[in-house]
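Read through the structure below, which is laid out as structure tokens, and then see the notes.
2 protein chains.
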Amino acid sequence: MKISVLGPAGSYSEKAALLFFSKCRPDDEKELMYSPTIENAVLNLFNEEQPADFAVIPLENSIEGAVGISMDLLNEKEVTINAEIIIRIEHSLLSLETSLFNIETVYSHPQGLYQCRNFLREKLKNARLAETDSTSKAAQMAAANPKRAAIASAEAGRKYGLNILETNIQSVKNNRTRFVLISKNDAIGISKSKEMMDSVSDAFEKKNGKMDLKTSVISYLKNDQPGALYHILGAFFKHNINLTRIESRPAKKELGDYCFYIDFEGDRSDEGVQDALKEAATQSDRLKILGTYGRLSE
Amino acid sequence: MKISVLGPAGSYSEKAALLFFSKCRPDDEKELMYSPTIENAVLNLFNEEQPADFAVIPLENSIEGAVGISMDLLNEKEVTINAEIIIRIEHSLLSLETSLFNIETVYSHPQGLYQCRNFLREKLKNARLAETDSTSKAAQMAAANPKRAAIASAEAGRKYGLNILETNIQSVKNNRTRFVLISKNDAIGISKSKEMMDSVSDAFEKKNGKMDLKTSVISYLKNDQPGALYHILGAFFKHNINLTRIESRPAKKELGDYCFYIDFEGDRSDEGVQDALKEAATQSDRLKILGTYGRLSE
Numbered sequence: 001m002k003i004s005v006l007g008p009a010g011s012y013s014e015k016a017a018l019l020f021f022s023k024c025r026p027d028d029e030k031e032l033m034y035s036p037t038i039e040n041a042v043l044n045l046f047n048e049e050q051p052a053d054f055a056v057i058p059l060e061n062s063i064e065g066a067v068g069i070s071m072d073l074l075n076e077k078e079v080t081i082n083a084e085i086i087i088r089i090e091h092s093l094l095s096l097e098t099s100l101f102n103i104e105t106v107y108s109h110p111q112g113l114y115q116c117r118n119f120l121r122e123k124l125k126n127a128r129l130a131e132t133d134s135t136s137k138a139a140q141m142a143a144a145n146p147k148r149a150a151i152a153s154a155e156a157g158r159k160y161g162l163n164i165l166e167t168n169i170q171s172v173k174n175n176r177t178r179f180v181l182i183s184k185n186d187a188i189g190i191s192k193s194k195e196m197m198d199s200v201s202d203a204f205e206k207k208n209g210k211m212d213l214k215t216s217v218i219s220y221l222k223n224d225q226p227g228a229l230y231h232i233l234g235a236f237f238k239h240n241i242n243l244t245r246i247e248s249r250p251a252k253k254e255l256g257d258y259c260f261y262i263d264f265e266g267d268r269s270d271e272g273v274q275d276a277l278k279e280a281a282t283q284s285d286r287l288k289i290l291g292t293y294g295r296l297s298e
Numbered sequence: 001m002k003i004s005v006l007g008p009a010g011s012y013s014e015k016a017a018l019l020f021f022s023k024c025r026p027d028d029e030k031e032l033m034y035s036p037t038i039e040n041a042v043l044n045l046f047n048e049e050q051p052a053d054f055a056v057i058p059l060e061n062s063i064e065g066a067v068g069i070s071m072d073l074l075n076e077k078e079v080t081i082n083a084e085i086i087i088r089i090e091h092s093l094l095s096l097e098t099s100l101f102n103i104e105t106v107y108s109h110p111q112g113l114y115q116c117r118n119f120l121r122e123k124l125k126n127a128r129l130a131e132t133d134s135t136s137k138a139a140q141m142a143a144a145n146p147k148r149a150a151i152a153s154a155e156a157g158r159k160y161g162l163n164i165l166e167t168n169i170q171s172v173k174n175n176r177t178r179f180v181l182i183s184k185n186d187a188i189g190i191s192k193s194k195e196m197m198d199s200v201s202d203a204f205e206k207k208n209g210k211m212d213l214k215t216s217v218i219s220y221l222k223n224d225q226p227g228a229l230y231h232i233l234g235a236f237f238k239h240n241i242n243l244t245r246i247e248s249r250p251a252k253k254e255l256g257d258y259c260f261y262i263d264f265e266g267d268r269s270d271e272g273v274q275d276a277l278k279e280a281a282t283q284s285d286r287l288k289i290l291g292t293y294g295r296l297s298e
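If you read the protein sequences in the order shown, they are chains A and B. At position 197 of the first sequence the residue is numbered 197 (the UniProt record's numbering), and the sequence of numbers has no breaks. At position 183 of the second sequence the residue is numbered 183 (the UniProt record's numbering), and the sequence of numbers has no breaks.
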């Protein structure tokens, strides 16, 4: 089983992938494919020679919000969400050096730099900040030169032989990222995904004894229908369906044209959910169903 | 009059600021304060020695979506939106070189790299990509070494003595960014802002002969009230108020806690708007009004 994640080794995406496989597929032989970018991690699903079975990508962070490129890829590519995986993000400052004093450049993913900006301003205000495609890439960069530091997980520090100068340096201590495990539709589409996850349902979180399922859809609202979003939310409200997230993304035609990502509690095969989705479809030019899936947390 | 923008000279933020001042305050003496980051551009309003009168910051792009840091600053700081300014974003590839062949590194703001990723993949697939805090900073970096190129505006290229190797290289040709002109509340608060803009109302876009006004608010929904967002949208719908944008941002407490940015057509002093806002307030733990403002477009 091949799983595509943001690399190099030691990324939070890898951590999410490993959590999923240790809980749901502990006996499978697995191979991690490390990709330089989130886009490449998803494109690996469509690789003709060596396709990945799954990709694990970050969708939103509790401080920084939506990961735009991941949301766009869910929309553009024919993929299914099979599971969500919640990972605690605890950033450390890592370096070959043992003191902050000699550090000239701090590397991290833009979200890492952003989440730790108060620490950087207080403790490393003369250091240059340099963005990398992943936090583990930053750790790799820091391992090449003692004048460099990285913001990444303590695990990444150990992996690249770095000292851990400070831990838990992000401004908001309760920092989590929500990852999704996705597959190519014509490999593991929505129905097969459900079946597959049901077979390991014990691994997932429960609510009232049942797997706590969530469904995700993307709606392109009908432009000529005033209040289309209001009516869609009304359909869910009427059927007592809890929305857990509403996020807009540009529809990429005109400034001011959006599509909406809606996550809600429930299984897409539930009767009430089906009714609500039918009503949502009448208010949408296009309604894409991304999947029904369970949750794993660290 | 001091205006704080993302620098160095030649940024799209500067272009937005100059458009505003040429249309609304052509006779004022103005001084641009160039800031290395968006956060610094806003903090300049609160500088005790040399406060800026206004800051111009990007809020959303038609391809890449919301600019998270700008949205967070509107929420955290006591500022008023005085105007929105829509700028066409046409990226060029700039270098001291005249051919693509010798370029080793391409610099740009992350949004610039993202918006031009198809071009980069096709034409410069071996070049290293390096992120900068602004597109004009990228142009400045490219001017230091012929092996470098920048993605920035053609104007920035001319400013830094670079060749324009290709123009209009972003994937979606119709690419616009919405900037906002903001001021510190206790310098130019909401009422004074209205008065000030009314005095130059001819500069702004019209609808049915009147200034085409928009109002922006941020709502923290009451968590214990199911369907709170649905009811808020209903209040606007009932009063025939068109929503132009709804965007969620993390409330930064728990993953899954959001606040909502809502933009709608109309003046906050209109009776219908006031009624809708009153209803919205009953569904909100906190409702912050960012301002009522007109629009300028390139």
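Heads up, the beta-carbon is just placed ideally off N, CA and C, and yes, glycines get one too.
Residue i and residue j closer than 7 Å at C-beta
i	j	result
G227 (chain A)	F237 (chain B)	yes
F264 (chain A)	L243 (chain A)	yes
S108 (chain B)	A138 (chain B)	yes
I190 (chain B)	G291 (chain B)	yes
G65 (chain B)	R121 (chain A)	no
T105 (chain A)	A144 (chain A)	no
N61 (chain A)	T167 (chain A)	no
L93 (chain B)	A149 (chain B)	yes
S4 (chain B)	S35 (chain B)	yes
I85 (chain B)	F179 (chain B)	yes
G294 (chain A)	M211 (chain A)	yes
Three-state secondary structure (DSSP) of residue i
i	result
F204 (chain A)	coil
A150 (chain B)	strand
P51 (chain A)	coil
I190 (chain B)	helix
A143 (chain A)	coil
N175 (chain B)	coil
V42 (chain A)	helix
I87 (chain A)	strand
residue 299 (chain A)	As shown, chain A starts at 1 and ends at 298. That puts residue 299 (chain A) outside it, with no answer to give.
S99 (chain B)	coil
Y293 (chain B)	strand
K253 (chain A)	coil
S92 (chain A)	strand
R245 (chain B)	strand
Residue i burial status per 10 Å Cβ neighbour count (16 or more: buried)
i	result
M1 (chain A)	exposed
N102 (chain B)	exposed
T135 (chain A)	buried
P8 (chain B)	buried
D72 (chain A)	buried
K159 (chain A)	buried
K173 (chain B)	exposed
Q225 (chain B)	exposed
Q111 (chain A)	buried
S269 (chain A)	exposed
G266 (chain A)	buried
Q274 (chain B)	exposed
D186 (chain B)	exposed
N282 (chain A)	The identity of residue 282 (chain A) in the sequence shown is Thr, whereas the question assumes Asn. When all chains shown are included, T282 (chain A) counts as exposed.
For residue i: DSSP bridge partner residues
i	result
E31 (chain A)	A:K2
S219 (chain B)	B:F260, B:L287
A130 (chain B)	B:Y107
V273 (chain B)	DSSP output for V273 (chain B) lists no bridge partner at all.
K137 (chain B)	Note: K137 (chain B) sits in no beta bridge, so no partner.
G65 (chain B)	B:N61
M211 (chain B)	B:K206
E195 (chain B)	Note: E195 (chain B) sits in no beta bridge, so no partner.
residue 304 (chain B)	Nothing can be reported for residue 304 (chain B), as the shown portion of chain B is limited to 1 through 298.
Beta carbon proximity, residue i to chain A, threshold 7 Å
i	result
R176 (chain B)	yes
S92 (chain B)	no
P250 (chain B)	yes
Y220 (chain B)	no
G68 (chain B)	yes
F46 (chain B)	no
is_contact[residue i, chain B] using C-beta, thresh 7 Å
i	result
F204 (chain A)	no
Y12 (chain A)	no
G266 (chain A)	no
G234 (chain A)	yes
S108 (chain A)	no
E31 (chain A)	no
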